[in-house]
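Notes for the one structure printed next.
Number of protein chains: 2
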Amino acid sequence: MYKYSIGDLARAAATKVQTIRYYEETGLMPEPMRTAGNQRRYDETALNRLSFIRHSRQLGFSLDSIKALLHLTDNPDQSCQQANQIAVEQLVEVESRIARLNDLRKELVRISQSCKGGTMADCKVIETLSEHSLCDCS
Amino acid sequence: MYKYSIGDLARAAATKVQTIRYYEETGLMPEPMRTAGNQRRYDETALNRLSFIRHSRQLGFSLDSIKALLHLTDNPDQSCQQANQIAVEQLVEVESRIARLNDLRKELVRISQSCKGGTMADCKVIETLSEHSLCDCS
DNA sequence: CTTGAACCTACAGCTACTGTAGAATTTGCA
DNA sequence: TGCAAATTCTACAGTAGCTGTAGGTTCAAG
Ligand SMILES: [Zn+2]
Ligand SMILES: [Zn+2]
Ligand SMILES: [Zn+2]
Ligand SMILES: [Zn+2]
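Chains as they are written, first to last, in our numbering: chain A, 36 to 173; chain B, 36 to 173.
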């Protein structure tokens with residue numbers, strides 16, 4: 036039943052051992068069973084929870100958002116509106132990051148195209164990097 | 036000549052006072068003149084340098100990259116190849132971030148569309164958030 | 001039963017700032 | 001000139017989300 040050591044869990048969820056302990060410290064993962072010798076032992080439920088956390092992290096959710104989502108799932112009678120709201124907020128956030136990065140990309144293209152080779156004295160890269168007036172970046 | 040207090044400089048470059056002191060600590064900004072009462076006083080050169088740093092930061096360059104760029108400009112006889120290389124690396128980095136965020140966006144859309152309202156027990160948001168198998172995210 | 005891998009706690013360090021405390025200085029106004 | 005308010009000074013702690021290290025203990029294979 037409690038078959039996973041912390042290292043097993045780490046391997047199974049592609050995480051570092053310290054990260055799991057960190058999640059426990061910060062209340063994202065519950066305190067697991069311990070062996071007589073004080074080592075952590077986990078079950079399938081813990082693995083599912085950790086996988087959920089890791090995947091949400093890969094999607095860019097903050098630990099606070101993940102904590103909120105996990106809290107909501109612990110109360111299955113609640114409306115799912117809040118959970119969906121968190122997802123939508125994350126979507127909005129990702130979309131605005133994309134928009135911003137697209138602006139940056141444009142500017143970086145302009146900057147690297149301004150280099151025609153030569154010495155620093157002649158090169159326009161630094162100069163162009165200084166000119167905020169020509170750019171859209173916030 | 037040395038007309039700017041640290042607060043003036045902060046206002047002029049849209050920075051916080053502490054950030055300027057931090058840049059000084061970490062060697063990005065040189066140590067400025069001081070008044071008899073030990074307060075920092077800056078000139079136009081310092082403002083230019085700070086503006087360069089701030090704009091580069093907005094473009095996503097790390098402080099290390101900025102330090103390298105500043106070091107290169109201090110040696111105007113050098114080839115500009117390294118400077119351009121730093122800019123191109125940053126461009127590549129930004130492009131890969133955009134690509135990744137586009138994947139995330141797709142997945143977040145899928146997730147938020149899976150919610151049809153109801154209770155947490157019925158809602159597919161959490162479930163879909165757990166399913167890494169259906170997604171492209173690394 | 002030994003040995004080496006994995007585990008334990010506790011703490012420091014990473015990036016790039018930001019905030020705070022408590023003291024000193026500067027500045028504007030009467 | 002005098003005084004209060006704003007600004008500055010240093011030093012240090014805190015933020016997110018881990019990651020790495022030291023020094024010691026426990027587990028599992030042979
Ligand atoms: Zn060039
Ligand atoms: Zn710009
Ligand atoms: Zn729902
Ligand atoms: Zn995914």
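Where is the CB? At the ideal position from N, CA and C, for every residue including glycine.
Kindly examine ligand 4 and report whether one of its heavy atoms sits closer than 7 Å to the Cβ of E142 (chain B).
yes
Can you determine whether any heavy atom of ligand 3 sits closer than 7 Å to the C-beta of A103 (chain A), and answer yes or no?
Because no heavy atom of ligand 3 lies under 7 Å away, the Cβ of A103 (chain A) does not count as near it: no.
Cβ of Q148 (chain B) versus every heavy atom of ligand 4: is any distance shorter than 7 Å?
no
Take the Cβ of H106 (chain A) as the centre, count every other Cβ of all protein chains shown within 10 Å, and call the residue buried at 16 or more, exposed below.
exposed
Which residues in chain B have a C-beta closer than 8 Å to the C-beta of S86 (chain A)? List them in chain order.
S165, H167
Report buried or exposed for Q148 (chain B), applying the criterion of at least 16 other Cβ atoms within 10 angstroms of its Cβ.
exposed
Between R92 (chain A) and chain B, is there a C-beta pair that is closer than 8 Å?
R92 (chain A) does not count as touching chain B.
Limits of the alpha helix (DSSP H) - the one that E200 (chain A) falls within
This structure leaves residue 200 (chain A) out entirely; chain A is present only between 36 and 173.
Cα separation between I55 (chain A) and R84 (chain A)?
11 Å
Of the residues A:P111, A:L164, A:A71, A:M155, the one placed nearest C158 (chain B), counting alpha carbons only
A:P111
With a floor of 4 residues, list each alpha helix (DSSP H) that falls wholly inside the segment 36-96 of chain A, ordered by position along the chain.
Those alpha helix (DSSP H) runs which fall completely within the segment 36-96 of chain A and span 4+ residues are 41-48, 52-60, 79-93.
For the candidate residues B:Q113, B:E66, B:T50, B:K51, whose alpha-carbon lies nearest to that of Y37 (chain B)?
For Y37 (chain B), the closest C-alpha among the options B:Q113, B:E66, B:T50, B:K51 is that of B:E66.
CB contact check: S147 (chain B) to chain A, cutoff 8 Å:
yes
With contact counted as at least three CB pairs below 8 Å, one residue from each stretch, are the segment 114-131 of chain B and the segment 69-86 of chain A in contact?
They do not touch, by the three-pair rule.
Report the CB separation of C115 (chain B) from G152 (chain A) in whole angstroms; it is logged as a contact under 8 Å.
With a Cβ gap of about 7 Å, C115 (chain B) and G152 (chain A) count as contacting.
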